[in-house]
Amino acid sequence: MTGLTAELVVEGRVPQAPALAPNGQLLCYVLAPISRIGDHLDTALWLADIEGDGEWHRVTADTATESRPRWSADSRTLYFLSDRAERGTPQLHRFTPADGVVIAVTGWRAGIIDHLPLADPSLVALLAEDEPTEEDTRRAQDRDDAIVVGESEPRARLRLLDLRAGQVTTPSVFGDRHVVELRQRPDGGPLAVLTQASADKDYGPRTGQLHLFDLATGTAEDLGPVEVEAQSLAWWPAEDGWHLGYIALTPPVLHAGTAVFDLAISSRVRRNRTANLPMCPTELRQTDAAPLVVFADGLNTTLARLDPDGSTPLSQHPGRLDSLTTNPAGTTIAALTGTRYQPTNIHIGPPVGPLRKVTDTRPELDGITFGTQQPLAYRAVDGLELDGLLVLPVGKSASDGPFPLVTIVHGGPYDRYADQLQLFSFYGARAQWLATDGYAVFLPNPRGGQGHGHEFAASVAGRVGREEWTDILTGIDLLIDQGIADPDRLGIAGGSHGGFMAAWAIGQTNRFRAALVDAGITDWGMLAATGEYGQLDGALGGSIGWEGIGPHPHDALSPISFSSRIRTPVLILHGAEDTNVPLGQAVYFHRALRHFGAVHEFVIYPREGHSIRERNHQLDILRRTRAWFERWLQP
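Those letters in the sequence shown? Residues 545 to 1179, per my numbering, in order.
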């Protein structure tokens, strides 16, 4: 029997973006490597006749980044993006399964961002930035390229590709707004268009608006503003006419649980259709009738139908259910899902279940023994119901404890651990990777996360590190009381917001023998000032530096403020090109720890952003993580 190695963790391929044809028979997906070698991620499209022989065939043999498969309304043509002609510049291609021919149908010099085949088989809607002018090209060559913020910022615009003429036109609509998403009405009517004032991730998500675009007249109608971070458009018919729905943050704060919003087109009345539910909608999928909704539901997932009187549960699924795709009738779905001990694959079936697995993209993991994973349910100090996961060391049971325990906090904080195989997080430590080295691993879902409704998520806004920290500590104490965790061999780790929690924890207590801070926030004021999400992060930290003379509320919630207290050895990992949590957060923390003489190691990964993608860097993180905890937690 082969044991789990670092190479097995990072060298596999995973399915992404399943696309079910309208006929419910053909299914396509993207196969992507977990790690990248070189400057580009080489992906591939695979296709099968699910109702026929079920055999998978690769659509193209080119070395390219291929993505966003979409079917034509008649199921005869598959459209997708590929940069095989010029790496880094995707163009729209079409594939005809009947003859196996792939043809590039655009040569847009700026590249294509997204596309939507329309009911008219001769038209495809495109999202693309403006092509560079001759002046743009000259200035770039001469390095006369000063950036004036707010002027000539890149924006995706709506384009229409006429396949008969081979021409791309740009309707004069939406002014200078950035187009985010498109969805055509099921009867072939107008396009619903979601725009923002800017592509900037701080400003743009707070400026969303909905529009209708009439393909016949080329005119647009404004439907008004939408809630923050709106996405996942879907149409459906009702007794009072057409409705348009989307998922967005619940007002009024900038950190909140998501909700499904329902806009009646005729009356312009908008409603929150999922208010007060103890679940969080993650995807809204259009059908010819009532749309389907995917809900994060604790450690698991519920699939429901959005009926006039509310959401009607159709099926429940262990762990996560992601990237839902459906036929127009809503009678067949496909999605990404897995189990506690099996990696994510594509499953297909009726929305009421059960779903059958139709891909096996990681057969090399067959025969690997993983640590026993079990759900945890417990109550916070204030009585709030919480959940999480416990992964035991490989080959051990709870009665074999106590074990060294590493607590890994998830990012977000609006995210969650679901009851699925815990092996593939890009944020440093992976639970099963540590379980193979003799550790018990605690994966908590403290308040602020996804899966327990709006109030649960919104409760940490301006209070990060407060109750969510005691939620985590209560879970650790429970595992100590149960004889599973050794109180003298505790470690804590996390990435992004989880990295914040790890840095926060060691400034509040000396109970931990070792910590890992991966792409973590150490100063909320600096994050609001320099991170790409700006004021959305400011809502978590509770204030922004421009709000007057300090000290500010975010100072009391920033790990940097408590760095003089830290006695726990810390491993700091950070991508050099991270724009979400900029490298300066780690540099600041490193300088503070060095100033106070705290034991730490600081590792920077060149070319990497918020997630570590390159193969050798991923291998380094796996090995360095184990070595760090072995150094401090093993006897």
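Glycine is no exception: its CB is placed at the ideal position from the N, C-alpha and C atoms.
Item                                                                                                                  : Value
Proximity of A1029 and A984 at Cβ, strictly below 8 Å                                                                 : yes
Nonlocal neighbours in the same chain, by C-beta distance under 7 Å from D1015, ignoring five residues either side    : A924, L930, P988, P990 and R991
Y961 vs A1001 beta-carbon contact at 8 Å                                                                              : no
Boundaries of the alpha helix (DSSP H) in which R1055 is found, first to last residue                                 : From DSSP, R1055 is part of no alpha helix (DSSP H); its letter is neither H nor E.
Complete runs of the beta strand (DSSP E) confined to the segment 896-960 [at least 3 residues]                       : 917-923, 929-935 and 947-953
Beta strand (DSSP E) segment containing Q635, residue limits                                                          : Q635 to T640
Euclidean distance between Cα positions of A834 and L978                                                              : 44 Å
Which listed residue (V1125, E695 and F757) has its alpha carbon closest to that of P743                              : In the sequence as presented, Pro is not what sits at residue 743; that position holds Ala. Of V1125, E695 and F757, the residue nearest in Cα terms is E695.
Per DSSP, the bridge partner or partners of L493                                                                      : No statement about residue 493 is possible, as the shown extent of the chain runs from 545 to 1179 and does not include it.
C-alpha gap between R727 and R884, whole angstroms                                                                    : 35 Å
In chain order, each beta strand (DSSP E) run of at least 3 residues that lies wholly inside the segment 814-863      : 814-816, 824-829, 836-841, 844-851 and 854-861
Reduced DSSP category for Q740 - H, G, I as helix; E, B as strand; rest coil                                          : strand
Other residues of its chain near W786: CB distance less than 7 Å, five sequence neighbours each side excluded         : R729, W779 and I809
Assigned secondary structure, S579 (DSSP; H/G/I helix, E/B strand, else coil)                                         : coil
CA-to-CA distance, G1035 to A942, given in whole angstroms                                                            : 18 Å
Segment contact flag, the segment 585-595 with the segment 568-575, C-beta cutoff 8 Å, min 3 pairs                    : yes
According to DSSP, residues forming a beta bridge with L807                                                           : L788 and R814
Those residues which DSSP pairs with R602 across a bridge                                                             : W590
Three-state secondary structure (DSSP) of E551                                                                        : helix
Beta-carbon gap between L759 and L788 smaller than 8 Å                                                                : no
Sheet register partners of P769 (DSSP bridge)                                                                         : Q753
Y623 - containing beta strand (DSSP E), residue span                                                                  : L622 to S626
DSSP three-state assignment for E678, whether helix, strand or coil                                                   : helix
Alpha-carbon to alpha-carbon, L1080 and D1032                                                                         : 38 Å
Residues of its chain near G893, where Cβ-Cβ distance is below 6 Å and the 5 sequence neighbours each way are ignored : L899 and R900
Closest by C-alpha distance to G1006, when choosing among K940, Q1129, D910 and D1099                                 : D1099
Rounded separation between L868 and T881 - CA only                                                                    : 10 Å
Residue range of the unbroken beta strand (DSSP E) whose run includes L726                                            : H722 to Q728
Pick from Q860, G1009 and I1088 that is closest to T1053, judged by C-alpha positions                                 : G1009
Contiguous beta strand (DSSP E) assignments of at least 3 residues, all confined to the segment 1104-1162             : 1114-1119 and 1144-1149
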